[in-house]
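Student: In order, the protein sequence lines correspond to chains A and B.
Heads up, the final residue of the first sequence is numbered 142 in this note's numbering, and it's a clean run with no missing numbers.
Heads up, the final residue of the second sequence is numbered 364 in this note's numbering, and it's a clean run with no missing numbers.
Beta carbons are placed, not taken as given, at the ideal position from N, Cα and C, and that holds for glycine.
This is the structure I have questions about; it appears just below.
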Amino acid sequence: NAGVTQTPKFRVLKTGQSMTLLCAQDMNHEYMYWYRQDPGMGLRLIHYSVGEGTTAKGEVPDGYNVSRLKKQNFLLGLESAAPSQTSVYFCASTQPDGLTLRYGYTFGSGTRLTVV
Amino acid sequence: GENVEQHPSTLSVQEGDSAVIKCTYSDSASNYFPWYKQELGKGPQLIIDIRSNVGEKKDQRIAVTLNKTAKHFSLHITETQPEDSAVYFCAARRGGKLIFGQGTELSVKP
Chain A
27 NAGVTQTPKF RVLKTGQSMT LLCAQDMNHE YMYWYRQDPG MGLRLIHYSV GEGTTAKGEV
87 PDGYNVSRLK KQNFLLGLES AAPSQTSVYF CASTQPDGLT LRYGYTFGSG TRLTVV
Chain B
255 GENVEQHPST LSVQEGDSAV IKCTYSDSAS NYFPWYKQEL GKGPQLIIDI RSNVGEKKDQ
315 RIAVTLNKTA KHFSLHITET QPEDSAVYFC AARRGGKLIF GQGTELSVKP
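Encoded structure:
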């Protein structure tokens, strides 16, 4: 049982390049999330999904797109990378109990992205 | 929307002392408050949580208290050990999302 797996773990991009970060979970969780972590700013929600085929914007969605074609996978895309997107990206998942999050999030180990 | 403020940003204690981290939230409808520990190079891990119908919860050396009237909650770590050194995040649930505080870097000196 791997939990939440993120790939890649590290990446360096040039400004304007595109890439996709993959998040995979094997816990059959309904909800999945993408956060970015920057020094002194905690974890900020980029996009999230409450089920296969659904996506919604979080606090800082600009410059990112997401897709949830399969329940176990949640993809984060950068179409045209900018230096301001240099960050550590975390994926998380959880299984809600009705309208309540019964369990805390399970986080992946992160992707460290540098845009030069 | 929900806003979570966390203090202090850094905290240094001697091994064996207690550590307290405080958070305030803005949305009175928030009803779930977890705490996460993040070690260097790893993702955050849930260490304790509390729901709005409970005032205090303990798990060995860790405790969380919640004051709904004042809209603040705190993490208490007793008998700190060097392995408690990490970044700690509080969070509050708004709808189906967790909003996180800015984090506290705890350093426990032997």
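1) How is the beta strand (DSSP E) around A:R62 delimited, first residue to last?
2) Under DSSP, the beta strand (DSSP E) around A:V86 begins and ends at which residues?
3) Residues of chain C with a CB under 7 Å from the CB of B:D303: which are they?
4) Ordered along the chain, which non-local residues of its own chain (more than five positions away) have a Cβ less than 6 Å from that of B:K363?
5) Please check if any C-beta of chain A sits within less than 7 Å of the C-beta of B:G309.
6) Near B:N257, which residues of its chain fall below 6 Å by C-beta distance, leaving aside the five closest residues on each side in sequence?
7) When DSSP labels each residue in this structure, what does A:S110 get in the three-state scheme?
8) Shorter than 7 Å from the beta carbon of B:K312 to some beta carbon of chain A?
9) Is the beta carbon of A:G136 closer than 7 Å to that of B:G297?
10) Looking at the secondary structure, which residues open and close the beta strand (DSSP E) in which B:A340 lies?
11) Are the C-beta atoms of A:V86 and some chain B residue less than 7 Å apart?
12) Looking at the unbroken beta strand (DSSP E) that takes in A:L69, where does it start and where does it end?
13) Counting only runs of 4+ residues fully inside the segment 277-356 of chain B, write out the alpha helix (DSSP H) ranges in chain order.
14) Between which two residues does the beta strand (DSSP E) harbouring A:A50 extend?
15) Which residues, in chain order, does the segment 341-357 of chain B contribute to contact with chain A at a C-beta distance below 7 Å?
16) Quick one: Cα of B:L324 to Cα of A:G84, how far?
17) Using beta carbons (cut-off 7 Å, strictly below), is B:P262 in contact with chain A?
18) Which stretch, first to last residue, makes up the beta strand (DSSP E) that contains A:R138?
19) Quick check on B:T264: does DSSP put it in helix, strand or coil?
20) When we look at the beta-carbon of B:T264 and count the other beta-carbons within 10 Å, is it buried (16 or more) or exposed?
21) So which residues of chain B does A:Y74 contact, with C-beta pairs closer than 9 Å?
22) Kindly indicate which residue of A:N54, A:W60 and A:V142 has the alpha-carbon position closest to the one of A:Y74.
Tutor: Let me spell this out:
1) Start and end: Y57 to D64.
2) No residue range can be given for A:V86, since it is assigned to no beta strand (DSSP E) and is classified by DSSP as neither H nor E.
3) Chain labels in this structure do not include chain C; the protein chains are A and B.
4) Within the same chain, B:K363 has close Cβ partners Q268.
5) Cβ-Cβ to chain A under 7 Å: no for B:G309.
6) Counting only Cβ-Cβ distances below 6 Å, and skipping sequence neighbours, we find S280.
7) In the structure shown, A:S110 sits in a helix (DSSP, three-state: H, G or I).
8) Not one chain A Cβ lies under 7 Å of B:K312.
9) A contact, by the Cβ cut-off of 7 Å.
10) A340 to R348 is the span of the beta strand (DSSP E), which, as asked, contains B:A340.
11) No - not a single Cβ of chain B is within 7 Å of the one on A:V86.
12) G68 to S75 is the span of the beta strand (DSSP E), which, as asked, contains A:L69.
13) Whole alpha helix (DSSP H) segments, 4+ residues: zero.
14) Start and end: M45 to Q51.
15) Among the residues of the segment 341-357 of chain B, those with a Cβ less than 7 Å away from any Cβ of chain A are F343, R347, G350, K351, L352, F354, G355, Q356 and G357, in the order of the chain.
16) It is worth fixing the name first, because residue 324 of chain B is Ala in this sequence and not Leu. Their Cα atoms are separated by approximately 26 Å.
17) With 7 Å as the cut-off, B:P262 does not count as an interface residue toward chain A.
18) For A:R138, the enclosing beta strand (DSSP E) stretches over residues T137 to V141.
19) In the three-state scheme derived from DSSP, where H, G and I count as helix and E and B as strand, B:T264 is classed as strand.
20) By the neighbour-count rule (16 or more Cβ atoms within 10 Å), B:T264 is not buried but exposed.
21) What A:Y74 touches in chain B: G350 and K351.
22) Of A:N54, A:W60 and A:V142, the residue nearest in Cα terms is A:W60.
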